[in-house]
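Trainee: Residue numbers (numbering that gives the first Met the number 0), protein chains in the order written: chain A, 0 to 208; chain B, 0 to 208.
Have a look at this one before I ask anything.
2 protein chains.
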Amino acid sequence: MNLQSLQQLLPGFEEELYNDILLHGSVREVKAGETLLKVGQTIRATMIIVTGLVKLYREDENGKEFFIYHLDAGQACSLSMVCATRHETSEILAKALTDTTVLSIPLEFMDKWMSKYKTWYQFVITSYRNRFEELLKTIDAIAFTSMDERLQYYLEKQIEKSGRHLKITHQEIANDLNSSREVISRLLKKMENNHWLTIHRNSIEWLKK
Amino acid sequence: MNLQSLQQLLPGFEEELYNDILLHGSVREVKAGETLLKVGQTIRATMIIVTGLVKLYREDENGKEFFIYHLDAGQACSLSMVCATRHETSEILAKALTDTTVLSIPLEFMDKWMSKYKTWYQFVITSYRNRFEELLKTIDAIAFTSMDERLQYYLEKQIEKSGRHLKITHQEIANDLNSSREVISRLLKKMENNHWLTIHRNSIEWLKK
DNA sequence: AGGGCTGTGTGACTAATATCACGCTTTACC
DNA sequence: GGTAAAGCGTGATATTAGTCACACAGCCCT
Numbered sequence: 000m001n002l003q004s005l006q007q008l009l010p011g012f013e014e015e016l017y018n019d020i021l022l023h024g025s026v027r028e029v030k031a032g033e034t035l036l037k038v039g040q041t042i043r044a045t046m047i048i049v050t051g052l053v054k055l056y057r058e059d060e061n062g063k064e065f066f067i068y069h070l071d072a073g074q075a076c077s078l079s080m081v082c083a084t085r086h087e088t089s090e091i092l093a094k095a096l097t098d099t100t101v102l103s104i105p106l107e108f109m110d111k112w113m114s115k116y117k118t119w120y121q122f123v124i125t126s127y128r129n130r131f132e133e134l135l136k137t138i139d140a141i142a143f144t145s146m147d148e149r150l151q152y153y154l155e156k157q158i159e160k161s162g163r164h165l166k167i168t169h170q171e172i173a174n175d176l177n178s179s180r181e182v183i184s185r186l187l188k189k190m191e192n193n194h195w196l197t198i199h200r201n202s203i204e205w206l207k208k
Numbered sequence: 000m001n002l003q004s005l006q007q008l009l010p011g012f013e014e015e016l017y018n019d020i021l022l023h024g025s026v027r028e029v030k031a032g033e034t035l036l037k038v039g040q041t042i043r044a045t046m047i048i049v050t051g052l053v054k055l056y057r058e059d060e061n062g063k064e065f066f067i068y069h070l071d072a073g074q075a076c077s078l079s080m081v082c083a084t085r086h087e088t089s090e091i092l093a094k095a096l097t098d099t100t101v102l103s104i105p106l107e108f109m110d111k112w113m114s115k116y117k118t119w120y121q122f123v124i125t126s127y128r129n130r131f132e133e134l135l136k137t138i139d140a141i142a143f144t145s146m147d148e149r150l151q152y153y154l155e156k157q158i159e160k161s162g163r164h165l166k167i168t169h170q171e172i173a174n175d176l177n178s179s180r181e182v183i184s185r186l187l188k189k190m191e192n193n194h195w196l197t198i199h200r201n202s203i204e205w206l207k208k
């Protein structure tokens with residue numbers, strides 16, 4: 000990690016903060032499909048995504064995984080920040096969707112930098128707010144809407160991150176939404192009839208909007 | 000608001016911070032049933048509950064209200080904190096369940112105090128984490144469990160805050176859970192048969208555990 | 001080319017929840 | 001005391017989502 004790429008990733012920080020990050024942060028590579036963070040794992044560092052795409056899940060007692068939101072380049076895992084103060088364990092599951100590079104900042108610097116650097120403070124607060132909002136939107140989706148709307152909302156989130164051509168199976172979608180394959184297949188079929196998308200084997204092409 | 004009651008409400012702060020709070024904070028009284036914060040309202044201050052109990056809701060486009068969590072004495076509205084940095088509007092609806100006293104801290108002090116007072120920083124971060132966790136638990140409840148479990152979880156949260164004798168109607172519960180009165184009535188009946196509670200008019204008495 | 005695996009399509013059935021319709025009780029109020 | 005409103009109980013029915021069973025198609029492998 001060099002200064003230039005860091006400035007591009009996290010623009011507007013103080014010079015000194017960039018140096019601090021370069022000095023104390025460490026870079027970690029994670030292959031597509033691997034788990035970055037398990038539920039119950041102790042959090043020792045704040046993680047910022049440098050490249051790649053990460054999916055965050057909530058897990059139930061049977062290991063079922065419910066998709067919450069994405070993190071991509073320049074975004075930080077809020078939970079890893081909140082946990083910062085007191086070596087807490089993770090409440091969520093994070094999986095790399097693509098090959099991913101992660102920048103880890105040991106916890107002790109979280110506190111220091113919060114008071115030292117105005118821009119770091121802004122960054123953390125903004126991260127919180129954005130994650131918080133995503134959680135609220137997720138709650139809206141499951142509390143107020145039915146499966147077809149949730150599927151649409153889900154697909155729109157995916158294409159926003161990964162492009163119109165989604166490489167995903169019906170089963171995977173069903174898992175993310177805590178539904179079943181048949182239900183998803185049928186709903187996708189309906190959407191295809193409405194020309195919102197076309198279904199291929201192992202992938203979906205989004206046409207709508 | 001005097002120093003002593005403030006120390007009791009928010010223990011462990013620096014002397015100077017208490018003075019700052021007394022100097023810059025203002026106290027507001029809200030009657031039971033009144034709305035503290037509407038969706039879309041601009042947030043001008045961070046709010047901390049001094050006495051009373053507040054219920055926070057998420058609202059859908061038709062005005063249906065979905066209960067998320069409570070705030071009680073000593074707790075702060077996280078959203079009012081996250082919004083602090085840049086005069087944002089509220090994403091949630093807050094209603095006073097009982098007569099409530101609220102301590103308002105104008106936004107400009109949020110930033111100042113975050114870097115100036117270690118304990119204020121801790122307080123804010125801890126608030127975030129707790130609210131974040133509550134949101135995750137709410138997601139668990141609606142994503143993974145069925146109505147009877149959600150109702151149980153809901154009732155347990157209420158008695159934790161308001162005691163075993165809940166003054167609430169079936170209709171109100173149904174609104175909070177985005178369900179319908181009949182469903183809630185039937186489920187409550189079942190719980191009564193299992194001796195988990197007794198149903199009275201306008202109230203429920205929790206027996207379980 | 002044939003066999004097996006994975007992904008998808010579909011009908012029939014079940015379960016959970018929502019909605020409708022109505023009656024009955026308690027409380028509030030004139 | 002009478003009446004209206006609010007709260008609750010309950011059966012019938014509708015809708016949505018999940019489950020089961022099975023067929024079939026595409027792909028990989030030898």
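Each residue gets a CB set at the ideal place from its N, CA and C atoms; glycine is no exception.
All values derive from a computational prediction rather than experimental measurement.
Is there a Cβ from chain A that is less than 8 Å from the Cβ of B/Asn174?
Mentor: No, B/Asn174 does not count as interfacial toward chain A.
Trainee: Chain A beta carbons: is any one of them nearer than 8 Å to that of B/Asp71?
Mentor: Not an interface residue.
Trainee: By DSSP, does A/Tyr116 sit in helix, in strand, or in coil?
Mentor: Three-state result, A/Tyr116: coil.
Trainee: Quick test of the definition: if touching needs 3 or more C-beta pairs under 8 Å, does the region 73 to 82 of chain A touch the region 118 to 133 of chain A?
Mentor: Cβ pair count under 8 Å is three or more, so yes.
Trainee: DSSP state of B/Met190, grouped into three classes?
Mentor: Helix.
Trainee: Only counting runs of 4 or more residues, tell me where the alpha helix (DSSP H) segments fall wholly within the region 47 to 99 of chain B, in order along the chain.
Mentor: Whole alpha helix (DSSP H) segments, 4+ residues: 77 to 81.
Trainee: Between the Cα of A/Leu55 and those of A/Gly32, A/Trp195, A/Gln6, spot the shortest distance and give me the residue it belongs to.
Mentor: Checking every option, the nearest Cα to that of A/Leu55 belongs to A/Gly32.
Trainee: Using a Cβ cut-off of 9 Å, pull out every chain A residue sitting near B/Ile138, in sequence order please.
Mentor: Ordered by position in chain A, the residues that pass the 9 Å Cβ test against B/Ile138 are Arg57, Phe65, Ile67, Leu134, Thr137, Ile138, Ile141.
Trainee: Would you list the one or two residues that DSSP bridges to B/Thr41?
Mentor: Answer is B/Thr88, bridged to B/Thr41.
Trainee: Looking at C-alpha atoms only, which residue of B/Trp119, B/Leu186, B/Lys207, B/Glu171 is the closest neighbour of B/Asn201?
Mentor: Considering only alpha carbons, the answer is B/Glu171.
Trainee: How long is the line joining the alpha carbons of A/Thr88 and A/Asn192, rounded to whole angstroms?
Mentor: Roughly 46 Å between the two C-alpha positions.
Trainee: Would you give the residue range spanned by the alpha helix (DSSP H) that A/Lys160 belongs to?
Mentor: Per DSSP, A/Lys160 belongs to the alpha helix (DSSP H) from 146 to 161.
Trainee: From this set, B/Asn61, B/Leu92, B/Lys63, B/Glu64, which residue's C-alpha is nearest B/Leu70's C-alpha?
Mentor: Comparing Cα positions, the closest option is B/Leu92.
Trainee: Can you list the residues of chain A that B/Tyr17 reaches, using a CB-CB cut of under 7 Å?
Mentor: Those within 7 Å of B/Tyr17 in chain A number zero; the least Cβ separation is about 19 Å.
Trainee: Could you tell me the distance, in whole angstroms, from the CA atom of B/Val26 to the CA atom of A/Ile48?
Mentor: The alpha-carbon atoms of B/Val26 and A/Ile48 are separated by roughly 42 Å.
Trainee: In the DSSP assignment, the beta strand (DSSP E) including B/Leu35 goes from what residue to what residue?
Mentor: Taken as a continuous stretch (DSSP letters only), the beta strand (DSSP E) holding B/Leu35 covers 34 to 36.
Trainee: Taking CB distances under 8 Å as the criterion, tell me whether A/Ser184 reaches chain B.
Mentor: Output row for A/Ser184: interface = no.
Trainee: Quick check: B/Lys94 and B/Thr50, are their CB atoms within less than 8 Å of each other?
Mentor: Not closer than 8 Å, so no.
Trainee: Once the 5 residues before and after B/Tyr120 are set aside, which same chain residues still bring their CB inside 6 Å of it?
Mentor: Answer for B/Tyr120: Met113, listed in chain order.
Trainee: Between A/Ser79 and A/Ile42, how many whole angstroms is the CB-CB distance? I'm expecting something under 8 Å.
Mentor: With 8 Å as the limit, A/Ser79 and A/Ile42 qualify as a contact, their Cβ atoms being about 5 Å apart.
Trainee: Note down, in chain order, every chain B residue with its Cβ under 8 Å from the Cβ of A/Ala46.
Mentor: Just to set this straight, residue 46 of chain A is Met in the shown sequence, not Ala. Chain B residues near A/Met46: none, gap ~16 Å exceeds 8 Å.
Trainee: Helix, strand or coil: how does DSSP classify B/Glu204 here?
Mentor: Note: B/Glu204 maps to strand in three-state DSSP.
Trainee: State the CB to CB distance for the pair A/Asn174 and A/Glu64, rounded to an integer number of angstroms; the pair is presumed to be in contact (CB under 8 Å).
Mentor: Contact flag correct, Cβ pair sits at about 6 Å.
Trainee: Please report the residue range of the alpha helix (DSSP H) in which A/Ser4 lies.
Mentor: Start and end: 2 to 8.
Trainee: By the DSSP assignment, the alpha helix (DSSP H) with A/Ile172 in it spans what residues?
Mentor: Taken as a continuous stretch (DSSP letters only), the alpha helix (DSSP H) holding A/Ile172 covers 169 to 175.
Trainee: Name the chain B residues that come within less than 8 Å of A/Tyr120, Cβ to Cβ?
Mentor: Neighbours of A/Tyr120 on chain B, chain order: Asp110, Met113, Ser114.
Trainee: Between the C-alpha atoms of B/Leu135 and A/Leu206, what's the straight-line distance to the nearest angstrom?
Mentor: B/Leu135 and A/Leu206: Cα-Cα distance of roughly 33 Å.
Trainee: What are the residues that DSSP puts in a beta bridge with A/Leu196?
Mentor: Bridge partners of A/Leu196: A/Trp205.
Trainee: Which residue comes first and which comes last in the beta strand (DSSP E) that contains A/Glu28?
Mentor: Note, A/Glu28: beta strand (DSSP E), 25 to 29.
Trainee: Quick one: list the residues of chain A neighbouring B/Phe12, beta-carbon separation under 8 Å, in chain order.
Mentor: Within chain A, no residue comes near B/Phe12; the closest Cβ sits about 16 Å away, beyond 8 Å.
Trainee: Report the option in A/Met146, A/Thr45, A/Gly162 whose CA atom is closest to the CA atom of A/Pro105.
Mentor: Nearest of A/Met146, A/Thr45, A/Gly162 to A/Pro105, Cα basis: A/Thr45.
Trainee: For A/Tyr127, would you say it is in contact with chain B, using Cβ-to-Cβ distances shorter than 8 Å as the test?
Mentor: For A/Tyr127, the answer is yes, since a Cβ of chain B falls inside 8 Å of its Cβ.
Trainee: Does B/Glu107 come within less than 8 Å of chain A when only Cβ atoms are used?
Mentor: By this cut-off, B/Glu107 is not an interface position.
Trainee: B/Gln151: which of B/Leu186, B/Val29, B/Ile67 sits nearest, CA to CA?
Mentor: Cα-wise, what sits closest to B/Gln151 is B/Leu186.
Trainee: From B/Asn177 to A/Thr168, what distance separates their C-alpha atoms?
Mentor: When rounded, the distance between both Cα atoms is 31 Å.
Trainee: So with CB distances below 7 Å, who are the chain A contacts of B/Glu90?
Mentor: The contacting residues are Glu132, Leu135.
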